[in-house]
């Protein structure tokens, strides 16, 4: 078979793969290489940048603000990812139960938040928890309770951010879990029932081990998404109060676009990329050992 005939036979796969490769190069490889280049310069976003070597990285690792933003991001991951995992799995188990009625409506209700952009999510939750105009504080006043300082207290604002993020991301992870649960052989549950196993024992000894690869994927994707969280937080708290909830991506944005330190912000982006890569490799390594 000639090359031309082989191409004619497989032209559509080649075209689709080629289009994706072009998009990958244009929107990932080129910006990544530019970011790496700018991280070694004193760029302020205008032409005429000068090569300064590792100066941005030396400044970065001596900057307390960088460590504070990174620490807040890790704190967010520690709280948000486990909660998202538990909520998504519980919803998936509930909607996969054949005894539950109205599952279609339940799926629609749970899935709708995932269709909303991060900006809209932030605005909606800001309306709900606004201190002087929010629905939650209004309801508390009607019940004779004092309003809660949701956004003037750093810890309360952080709590709202976590809840909003879990609410918005549950649907996607729920779908992953539901698909994994459906693929668990029914014969395992039937055998367990004959042995007198309880529902919790079936879940703990059959369901959880069977969906372990999906659990790893959910945790990995949730961790990466949490590390890159920006739009929803920007719309909800703008990193406030003050800088109490400024995560690492907001720190990059503020440094690069507000302070015009593009070279420095690029260096932070490269460090963030390495952190995400390291986290992904660790989780994949751990998951590989669990599947052996």
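In the numbering used here, the protein residues as written are 35 to 326. The beta carbon of each residue, even a glycine, is placed where N, CA and C say it ideally should be.
Residue 297 beta carbon less than 7 Å from that of residue 72: yes
Runs of alpha helix (DSSP H) lying entirely within the segment 158 to 236, each at least 4 residues, in chain order: 169 to 176, 188 to 216, 220 to 228 and 233 to 236
Own chain partners of residue 104 with C-beta closer than 7 Å, once the 5 adjacent residues on each side are dropped: 282
Three-way DSSP call (helix, strand, coil) for residue 241 in this model: helix
Presumed contact (8 Å Cβ cut-off) between residue 122 and residue 211, rounded CB distance: 6 Å
Alpha-carbon to alpha-carbon, residue 52 and residue 59: 11 Å
As assigned by DSSP and simplified to three states, the class of residue 107: helix
DSSP state of residue 85 mapped onto helix, strand, coil: strand
Among 81, 215 and 318, nearest to residue 255 - alpha-carbon criterion: 318
For residue 131 and residue 141, the rounded distance between their alpha carbons: 13 Å
Residue 155, DSSP secondary structure in three states: helix
Touch test, the segment 297 to 309 against the segment 72 to 90, Cβ-Cβ under 8 Å, three pairs minimum: yes
Exposed unless 16 or more other CB atoms sit within 10 angstroms - verdict on residue 263: buried
Span of the alpha helix (DSSP H), counted from its first residue to its last, around residue 269: 265 to 270
Residue 294 versus residue 78: straight-line alpha-carbon distance, rounded: 5 Å
Counted within 10 angstroms of its Cβ, other Cβ atoms place residue 303 as buried (16 or more) or exposed: buried
According to DSSP, residues forming a beta bridge with residue 248: Residue 248 pairs with nothing; no bridge assigned.
Inter-stretch contact at 8 Å, needing at least 3 Cβ pairs: the segment 166 to 183 / the segment 109 to 124: no
Distance CB(residue 145)-CB(residue 205) smaller than 7 Å: yes
CB-CB length for residue 119 against residue 253, believed under 8 Å: 6 Å
Same chain, Cβ closer than 6 Å to residue 100, five either side skipped, listed in chain order: 94
Distance, residue 134 Cα to residue 284 Cα: 42 Å
Beta-carbon spacing of residue 168, residue 174 below 7 Å: no
Beta-carbon proximity of residue 222 to residue 240, cut-off 7 Å: yes
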